[in-house]
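To start, the structure itself, in structure tokens.
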Amino acid sequence: MNHEMYPTPPAMTAAKSALRAAVKARLQAVPPAVRAAKSARIAECVTALPAWRSARSVSVFLSMPHELDTMPLVHAALADGKRVYVPYVAGRRSPMVMVAVDDAADVAALPRDKWGIPTPTTPSPRTGAPRERPLTPLDLVIVPGVAFTSPAGARIGYGAGYYDSYLATPEATDAVRVAVALADVQIVDCVPTEPHDARMHWLVTDEGAVECCPSSTSP
Numbered sequence: 445m446n447h448e449m450y451p452t453p454p455a456m457t458a459a460k461s462a463l464r465a466a467v468k469a470r471l472q473a474v475p476p477a478v479r480a481a482k483s484a485r486i487a488e489c490v491t492a493l494p495a496w497r498s499a500r501s502v503s504v505f506l507s508m509p510h511e512l513d514t515m516p517l518v519h520a521a522l523a524d525g526k527r528v529y530v531p532y533v534a535g536r537r538s539p540m541v542m543v544a545v546d547d548a549a550d551v552a553a554l555p556r557d558k559w560g561i562p563t564p565t566t567p568s569p570r571t572g573a574p575r576e577r578p579l580t581p582l583d584l585v586i587v588p589g590v591a592f593t594s595p596a597g598a599r600i601g602y603g604a605g606y607y608d609s610y611l612a613t614p615e616a617t618d619a620v621r622v623a624v625a626l627a628d629v630q631i632v633d634c635v636p637t638e639p640h641d642a643r644m645h646w647l648v649t650d651e652g653a654v655e656c657c658p659s660s661t662s663p
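As numbered in our numbering, residues 445 to 663 make up the sequence shown, in order.
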């Protein structure tokens with residue numbers, strides 16, 4: 445998706461920047477032990493979703509240090525025998541794609557980038573082969589964000605547009621979109637949105653799961 449088709453008004457840019465700054469400050473103030481406990485609770489709620497249980501292929505973002513920890517979800521997916529994909533960006537102007545991780549040891553060995561995010565390299569240093577891309581559309585995508593509304597499922601990300609663009613690709617258009625967030629930090633009354641901003645199907649926090657809008661795979 446070309447975001448230049450949707451120029452952002454200056455007032456909205458300012459509102460988004462202010463919201464990002466406020467929520468990121470609250471995230472960074474969460475004690476590590478509290479973050480870990482709430483991350484584990486969120487993983488329990490996600491893995492209880494019917495959409496998760498039926499998914500054969502899932503994408504999970506890998507967290508920055510101040511975000512909730514998604515490693516419990518990665519490990520749960522691998523233990524369930526799901527094919528697990530994580531984000532990969534080849535360069536600053538490259539689109540985000542998903543590449544496979546093989547097992548827990550593969551994930552543990554991922555180097556961290558300048559933001560502290562575990563980041564895959566391709567080809568894989570273990571096998572010397574390019575990392576696998578999804579051969580068929582993904583069933584479920586765990587989506588990051590700075591702030592969300594509930595139950596509307598509006599989202600504001602970090603500003604690069606990677607996920608809004610990726611969710612519009614054939615690889616992800618039919619995937620169930622599951623946002624994860626800390627309830628008392630990242631759920632807000634209002635999020636400035638634009639036409640290209642993807643809404644979530646599910647919003648899962650440490651207080652439980654809320655269905656925001658039905659997905660194409662909902663019964």
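Beta carbons: idealized from backbone N, C-alpha and C, even for Gly.
Across the set 607, 474, 601 and 622, the C-alpha of 601 shows the shortest separation from the C-alpha of residue 459. According to the DSSP assignment, residue 655 belongs to the beta strand (DSSP E) that extends over 652-655.
Contact between residue 623 and residue 584 fails: their C-beta atoms lie close to 12 Å from each other, not under 8 Å. With fewer than 16 other beta carbons inside 10 angstroms of its own, residue 571 counts as exposed.
DSSP lists 600 as the bridge partner or partners of residue 591.
The beta carbon of residue 566 lies closer than 7 Å to those of 532, 543, 574 and 575 in the same chain, with the five residues before and after it left out.
The DSSP-derived three-state label of residue 568 is coil. Here residue 582 is buried. Its C-beta has 16 or more other C-beta atoms within 10 Å.
Shown here for residue 560: same chain residues with a beta carbon closer than 7 Å to its own, the five before and five after excluded, namely 508 and 509 in chain order.
Taking 9 Å as the cut-off, the Cβ atoms of residue 657 and residue 603 do not count as close.
Relative to residue 611, the option among 498, 522, 539 and 642 whose CA is nearest is 642. Sixteen is the threshold: since fewer than 16 other Cβ atoms of the shown chains lie within 10 Å of the Cβ of residue 472, the residue is exposed. For residue 544, the three-state secondary structure derived from DSSP is strand.
In this structure, the CA atom of residue 488 is about 13 Å from the CA atom of residue 625. Per the coordinates, the alpha-carbon of residue 595 lies some 22 Å from the alpha-carbon of residue 462. Excluding the 5 residues flanking it on each side, residue 539 has same chain C-beta neighbours closer than 8 Å at 533, 606, 609 and 610, in chain order. With contacts defined by Cβ atoms closer than 9 Å, residue 524 and residue 479 do not form a contacting pair.
For the 9 Å CB-CB criterion, residue 467 and residue 502 do not form a contact. Here residue 483 is buried. Its C-beta has 16 or more other C-beta atoms within 10 Å.
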